[in-house]
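Notes to accompany the following structure.
Number of protein chains: 2
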Amino acid sequence: MQNTRPILAWETLLDVDSASGSDVAGPLRDRVENALRRAIDEGRLSPGAAVPPSRTLAETLGVSRWVVTEAYGQLVAEGVLEARTGSATRVAERQEMPEATRGIENPVPRDPAPASAPPIRYDLRPGIPDLRATPRSRWAAALRAGLADLPDRELAAAHPSGYAPAREAVAAYLSRSRHAVADATRITITHGATDGMGLLARELHRRGHRTILVEDPSWPRLRIVAEDNGLRPIPVPVDGDGIDTGQLRSLTSGTGARATLVTPAHQFPLGAALAPARREELVRWARDHDALVIEDDYDAEFRYDRRPVPALQRLAPDRVALIGSLSKSVSPALGLGWMLLPPDIAPAPSPSTPSLIDQAALAHFVTQGDFERHLRASRTRFRRRRQRLLDALTIELPELSVAGISAGMHLVLTLPSHVPASAVVDAGASEGLALTSLRRYTDATDRPDALVLGYGDLDDALVEEAVARLAALVR
Amino acid sequence: MQNTRPILAWETLLDVDSASGSDVAGPLRDRVENALRRAIDEGRLSPGAAVPPSRTLAETLGVSRWVVTEAYGQLVAEGVLEARTGSATRVAERQEMPEATRGIENPVPRDPAPASAPPIRYDLRPGIPDLRATPRSRWAAALRAGLADLPDRELAAAHPSGYAPAREAVAAYLSRSRHAVADATRITITHGATDGMGLLARELHRRGHRTILVEDPSWPRLRIVAEDNGLRPIPVPVDGDGIDTGQLRSLTSGTGARATLVTPAHQFPLGAALAPARREELVRWARDHDALVIEDDYDAEFRYDRRPVPALQRLAPDRVALIGSLSKSVSPALGLGWMLLPPDIAPAPSPSTPSLIDQAALAHFVTQGDFERHLRASRTRFRRRRQRLLDALTIELPELSVAGISAGMHLVLTLPSHVPASAVVDAGASEGLALTSLRRYTDATDRPDALVLGYGDLDDALVEEAVARLAALVR
């Protein structure tokens, strides 16, 4: 019953879409996703038909490969496509999910997860803080104090860049703790780093930018939101000294890109600190090309072998926009972050600025010292946990190498060449061990298979058990 | 020194912009605003030069007049343009504001307000609840309870349409109190009605919509966010029975528009309830044209002469998307709202879903009955205040007519034909009396001048004093 010859000319996939009137906007990955869905619904792609490899389809359509992998990922998550390791991705034989619930139930978590997977017991996901150590009572106190302090007249006033006390508190924190050049007038309070990246991308697009240089590998959500706002991400390789600034320069000549998104304090996911010479070279590049550097300062506070490296922003406050949030340092549930912007960048304000009460709480949390107390406590906890994880890895998997400076909440474990990361990840999921392949963060195929092990939310009591299970899977 | 002959071909204003690479996106009003700014900066528009009437420029550029009035309004607020009543808007003689701070300080409140105006003493702004009656302690309790109840595992989980308990609470409230056909799977928790409108507009655009029929007059922010997301608003006249469904049909034939944004329970700002025959006609229109009705249910709870009219959504759950929020019923500081969607509409999730803690608080606030208790208390307070305001108007301005059903938080006061609303608004601002002209909500010139008087935040003790001052201004 299988028809493996799709009656679809792939290069017309997006034409199909624009013929229906969608001429300009909408995230590209949604357009690809919907065009595929439509092709399947209309029978132009039959059950069992193979879709092209993502790289091939991306080239055919003239979009970045991320667009295609994200679209495929979503359709796999919905059961519209089926992915099997070592085989082509195909149109599922049966489409069971009713049309109505598709988008509603499945949208954000674009990581396809087997529906039958047990709950996570050993949480090795990167980018998640210690959920058990959420400072609930301090945050509740900050909320109460913030709410009590808010004058009536502020409740309905416009706060386009944020509530002034919150902006002042964040500016003071960034000056004090990140050695940034900050004052409240340059701070915007956001819903988080993703929100900040979206606002910045929109502003860059308005100024004529159409591309952005991003680290490869890197955290996908920020480059996806850049792409959703009209900036095509151009990958720049990362090595043990951080982003390769030589490649950055050559890619600039080739593409005219004048913006870059980097993680100088602690590269995500490879874990390098940007080398001092490269920090300077990055700033020089920005000056030479009238360019903007977006510094994603996501976990810079967590350094265990020395004081945290000052923010890159300090070197060139007129060229660097720093984005940060409480999501990875306190809790993703807070939905709060900030941007520190150069004086000539003023993005249009978000149509949905964060709750004023939350912003007042943020002001209290920072000015009362709760934020930095929480950071210090987390630093101690994560340092110990990292060491324990390293010790366990040395015992259980002594032959494997671990990368990443003594910092943050994750490290990279390179796998033996005969062990595919995807198989380990799948096997882990089926026994409650949440693992992440380095491939999730890159399209490059020249890197050895590796796992990005996050220990932010790993239960201290389960470190050795988690590593023993991991070792069993690897062997 | 005045050069009133601008050396600018107005029709090239947006071409200028697209030449610099901005081919598709960015809100239109920003593009117009920036093109004007650039023309001034580059000397193509000299100090003192008149800009065309907004209607003329809108026609020249092929954009809606709102786009131009918003752009002008912003530039006036920044001091780049100068508006004088009864005269052309001109380029300001001196540009004092440094480039760097323009956008940062002035973006959202696009209502030009004289910088020297005293603080508001008599708050007659529409759309603002009683700020003195903000249920601070009940909301603080809800936050505390919400934070305490959130399981660790939920803190980092994806909640693309919102936190399940909040969705359930809102669905139950909408069923119970608005007689909507609601269940949690169709609810999305948003940052407010504007956020909801933005998400819906984006989804409609993705489906090929390029226009939306909007009530004229209407609340500007929602149609602006629709336009920012690619839907050109087409005004449909409103009369004493609400939106004119006959005109809706003819405009549909002319434009192919298949979406409309309406306020059936209490038209904003004219204050009509949509007549029963028109409610049915609106639904018939939606079925005939495979169209979507967006029901802005902004203050439907506040009805003083009878029980609130059920949501239009009840008549056609498959054709009506209801958007609501706590902004006008509890506080704009909360930054929370919801959408109730037809089964076949599933917008892409927002990149910044509301704080999980706020959503957990919303769930508590609603399920503990605090929300509906607050609504009942507000209803009593607003009914009394409205009557007091009407009494004072009858005494002080007996010759003027007042429009609007016994509902909501505002009414419309028609001015004598020789009294321009703009002059009354300006004079009011200079003595702490915050007034709003009906013209703010419409481009139509065939309506008599009127004021939209909001009494949500008007101090009860100052009602008579406010009306006496207003009467003095009108005379």
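If you read the protein sequences in the order shown, they are chains E and Y.
Just so we're aligned: the first sequence equals residues 1014 to 1488 in the numbering used here.
Just so we're aligned: the second sequence equals residues 1014 to 1488 in the numbering used here.
Virtual Cβ for every residue (Gly too), placed ideally from N, Cα, C.
Quantities reported herein were computed from a predicted structural model and do not represent experimental measurements.
- Between residue 1450/Y and residue 1434/Y, the C-beta spacing is below 8 Å.
- The beta-carbon of residue 1191/Y is placed no less than 8 Å from the nearest beta-carbon of chain E.
- Against chain Y, the beta carbon of residue 1182/E has no neighbour under 7 Å; the closest one sits roughly 18 Å away.
- The Cβ of residue 1157/E sits closer than 8 Å to at least one Cβ of chain Y.
- For residue 1470/Y, at least one C-beta of chain E is nearer than 8 Å to its own C-beta.
- Following the DSSP letters along the chain, one finds residue 1463/E inside the beta strand (DSSP E) bounded by residues 1463-1467.
- The contact set of residue 1238/Y on chain E, defined by CB atoms closer than 7 Å, consists of 1364 in chain order.
- Neighbours of residue 1345/E across chain Y, judged by C-beta separation under 7 Å: 1168 and 1169.
- Each residue's CA atom was taken as its position, placing residue 1331/E and residue 1200/E some 14 Å apart.
- Boundaries for residue 1449/Y: no beta strand (DSSP E) harbours it, and the DSSP string shows neither H nor E there.
- Apart from the 5 residues on each side of it in sequence, residue 1487/Y sits with its Cβ closer than 8 Å to the Cβ of 1410, 1413, 1428, 1429, 1432 and 1437 in its chain, given in chain order.
- In this structure, residue 1257/Y keeps its C-beta atom at 8 Å or more from the C-beta atom of residue 1455/Y.
- Counting along the chain, no alpha helix (DSSP H) covers residue 1105/Y, and no H or E run does either.
- Between residue 1318/E and residue 1421/E, the gap from beta carbon to beta carbon reaches 8 Å or more.
- For residue 1217/E, the enclosing alpha helix (DSSP H) stretches over residues 1206-1219.
- Taking C-beta separations shorter than 7 Å and ignoring five residues to either side along the sequence, the partners of residue 1180/Y in its chain run 1174, 1197, 1200 and 1202, following chain order.
- Against chain E, a Cβ distance below 7 Å from residue 1248/Y picks out nothing, because the smallest value is about 21 Å.
- Taken in chain order, the complete beta strand (DSSP E) segments of 3 or more residues contained in the stretch 1346-1389 of chain Y are 1350-1353.
- If you look at residue 1264/Y, you'll find it in the alpha helix (DSSP H) that goes 1258-1268.
- For the C-beta of residue 1277/Y, not a single chain E residue is nearer than 8 Å; the gap to the nearest is close to 24 Å.
- Of all residues in the stretch 1130-1145 of chain Y, only 1141, 1144 and 1145 come within less than 7 Å of chain E when Cβ atoms are compared, listed by chain position.
- Assignment of residue 1250/E by DSSP, reduced to helix, strand and coil, places it in the strand class.
- Judged by beta-carbon spacing, residue 1143/Y lies within the 8 Å limit of residue 1394/Y, meaning their Cβ atoms are closer than that value.
- The stretch 1367-1381 of chain Y makes contact with the stretch 1151-1159 of chain Y; the number of CB pairs closer than 8 Å reaches 3 or more.
- Collapsing the DSSP output to three states places residue 1140/Y in coil.
- Comparing C-alpha distances from residue 1147/Y to each of 1277/Y, 1340/Y and 1273/Y shows the shortest one belongs to 1340/Y.
- Nearest to residue 1476/E by alpha-carbon distance, out of 1243/E, 1446/E and 1452/E, is 1446/E.
- Distance from residue 1227/E to residue 1249/E at the Cβ level is roughly 7 Å; contact confirmed, criterion being Cβ atoms closer than 8 Å.
- Against residue 1163/E, the close residues of chain Y are 1147, 1149 and 1346, in the order they occur along the chain (beta-carbon pairs closer than 9 Å).
- Using a CB distance below 7 Å, the part of the stretch 1196-1222 of chain Y facing chain E consists of 1198, 1204, 1205, 1207, 1208, 1211, 1218, 1219 and 1221, ordered along the chain.
- Assignment of residue 1309/E by DSSP, reduced to helix, strand and coil, places it in the strand class.
- Residues of the stretch 1370-1397 of chain Y with a C-beta less than 7 Å from any C-beta of chain E: 1370 and 1371, listed in chain order.
- A distance of 8 Å or more separates the beta carbons of residue 1363/E and residue 1246/E.
- Residue 1152/E reaches chain Y at 1160, counting residues in chain order whose Cβ is nearer than 7 Å.
- C-alpha of residue 1391/Y to C-alpha of residue 1301/E: approximately 60 Å in a straight line.
- Neighbours of residue 1433/Y in chain E, taken as residues whose beta carbon is under 9 Å from its own, are absent, since the nearest beta carbon is some 26 Å off.
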